[in-house]
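K.L.:
In terms of full-length UniProt numbering, the sequence shown opens at residue 1 and continues consecutively.
For every residue, glycine included, the Cβ atom is placed at its ideal position computed from N, Cα and C.
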Amino acid sequence: MNRSNAVLPACALTLGVIATPAQAAAPAIQLAKIFYDSPGTDRRGNASLNGEYVVVKNTTRAAIDLEGWSVADKTGYRYTFEPGQRLGPGRTLILRTGQGDSGTSTVYWGRRAYVWNNDKDAAYVRNGSGRLVDSCSYNSTYRDWVSCL
Ligand SMILES: [Ca+2]
Ligand SMILES: [Ca+2]
1 MNRSNAVLPA
11 CALTLGVIAT
21 PAQAAAPAIQ
31 LAKIFYDSPG
41 TDRRGNASLN
51 GEYVVVKNTT
61 RAAIDLEGWS
71 VADKTGYRYT
81 FEPGQRLGPG
91 RTLILRTGQG
101 DSGTSTVYWG
111 RRAYVWNNDK
121 DAAYVRNGSG
131 RLVDSCSYNS
141 TYRDWVSCL
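#1: What separation, rounded to the nearest whole angstrom, lies between the Cα atoms of V133 and D121?
#2: Taking a contact to mean a Cβ-Cβ separation below 8 Å, would you say V115 touches Y77 in this structure?
#3: Put N117 into one of helix, strand or coil per three-state DSSP.
#4: Would you say T60 and S70 are within 8 Å of each other, going by their C-beta atoms?
#5: How many Å lie between residue 151 and G45 at the Cα?
#6: Taking the straight line between their C-alpha atoms, what separation do you get for K57 and G130?
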């Protein structure tokens, strides 16, 4: 009797320890970095707009179809990935704010104004169903970028 009572709590404790890292597992698409204050004075030129960007990473071992997935800021500016946008296993994708020709490793939001505030803001990644998959916030004018990993 004493023996079985002693075993049960030990089991529960073990399960609890295992559950913690599982809950902290990286999301399938993870925000890796936000470069929010593009180099030099922010004059809204296209090169400057493209100097601010977000990096997302596929943390899984399979390619992910990003169609319908989105990246948004705290204000609600949203970029939605186009059909055919796939991200290979372990690969990263850069989302630049300005205009350009989107490809497999870099896509362009196409905006003529900045998205990422130079002081504080947050990025949100949602899947095709609109469910929040990852987020990353920052609050610093000392740095120009933040690592979300
Ligand atoms: Ca700047
Ligand atoms: Ca913003």
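P.N.:
On the basis of the coordinates in this document:
#1: 17 Å
#2: yes
#3: coil
#4: no
#5: Any property of residue 151 remains undetermined from this structure, which presents the chain solely from 1 to 149.
#6: 18 Å
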